[in-house]
Amino acid sequence: MKTVIGVIASLTVIAAIGIGGLYVYYFFVLPPDLPVPNLAIERTPERVARGEYLATAVFGCMYCHSERDWSLFGAPPKPGTLGKGGEVFDEKVGVSGVLVAPNITPYHLGDWSDGQIYRAIVSGLHKDGYAFFPIMPFDVYLHLATEDVYSIIAYLRTLAPIESDHGGRRMSRLMTFIAHSRVLPADPWDVDATDPVARGEY
Numbered sequence: 560m561k562t563v564i565g566v567i568a569s570l571t572v573i574a575a576i577g578i579g580g581l582y583v584y585y586f587f588v589l590p591p592d593l594p595v596p597n598l599a600i601e602r603t604p605e606r607v608a609r610g611e612y613l614a615t616a617v618f619g620c621m622y623c624h625s626e627r628d629w630s631l632f633g634a635p636p637k638p639g640t641l642g643k644g645g646e647v648f649d650e651k652v653g654v655s656g657v658l659v660a661p662n663i664t665p666y667h668l669g670d671w672s673d674g675q676i677y678r679a680i681v682s683g684l685h686k687d688g689y690a691f692f693p694i695m696p697f698d699v700y701l702h703l704a705t706e707d708v709y710s711i712i713a714y715l716r717t718l719a720p721i722e723s724d725h726g727g728r729r730m731s732r733l734m735t736f737i738a739h740s741r742v743l744p745a746d747p748w749d750v751d752a753t754d755p756v757a758r759g760e761y
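Each residue of the sequence shown is one higher than the one before, counting from 560 in my numbering.
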């Protein structure tokens, strides 16, 4: 009987140490401090056009980062609000906490380097080092072709700066755990654009 009790006690201690270690790792060690790439992206007309297409029609960036007109089908962004941010995600939409879509116009991103924006899109890290919550699916965007990310950044630089500041976020421990665990380095699928099968898969 003493042996059984001893085994149970040992397993309990091991489990407690393991849980404590995971807690420390996910709340104090993560997110990883991924390096910021040294980028100076040329803002060509082709890149800006491609970036506008991707940000508005494919990835829906402007649907979260603009004011939306819910009186119209599809709730498109209101004219003059592209990139303004302010969309709130809270308990009403199933979020355990409060998230506010940030302003992504040059008003807010003006002091961000191209490399910091690149890292934010593909790895979900703010320029100050904290992790975004993957309601923005950066864990999918990490596979974006490098040129596509460059195009999105080039487009964002052309947006009209809109003076709009938003409150901070509030995340539960579970949300923090999820956010920290999703931060990964970029793993771009730079496919051959002339291969229709590879392009279709991408």
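Quick reminder that beta carbons are idealized off the backbone N, C-alpha and C, glycines included.
Boundaries (first-last residue) of the alpha helix (DSSP H) holding residue i
i, result
"Leu715", "705 to 715"
"Val756", "755 to 760"
"Met621", "620 to 623"
"Arg678", "673 to 682"
"Leu733", "732 to 740"
"Val699", "697 to 700"
"Tyr612", "604 to 612"
Cβ separation of residue i and residue j, assumed to be a contact under 8 Å, to the nearest whole Å
i, j, result
"Leu701", "Leu743", "6 Å"
"Gly642", "Ile721", "7 Å"
"Arg606", "Tyr709", "6 Å"
"Ser655", "Leu733", "6 Å"
Chain B within 8 Å of residue i, Cβ atoms only
i, result
"Pro693", "Structure shown: chain B not included; a single protein chain is present."
Rounded separation between residue i and residue j - CA only
i, j, result
"Ala660", "Ser740", "20 Å"
"Val617", "Ser731", "30 Å"
"Gly619", "Leu613", "8 Å"
"Val756", "Tyr622", "29 Å"
"Gln675", "Phe632", "35 Å"
"Thr735", "Phe692", "8 Å"
"Asp698", "Gly639", "30 Å"
"Gly653", "Ile737", "15 Å"
"Arg729", "Asp754", "45 Å"
"Leu715", "Pro604", "13 Å"
Cβ pair residue i, residue j closer than 8 Å
i, j, result
"Ile680", "His624", "no"
"Ala713", "Tyr761", "no"
"Ile600", "Asp670", "no"
Bounding residues of the beta strand (DSSP E) (the contiguous stretch that carries residue i)
i, result
"Gly656", "656 to 659"
Can at least three beta-carbon pairs, one atom from the stretch 681 to 693 and one from the stretch 589 to 599, be found at a separation below 8 Å?
Remark: three or more beta-carbon pairs, one from each stretch, lie closer than 8 Å, so the stretch 681 to 693 and the stretch 589 to 599 are flagged as touching.
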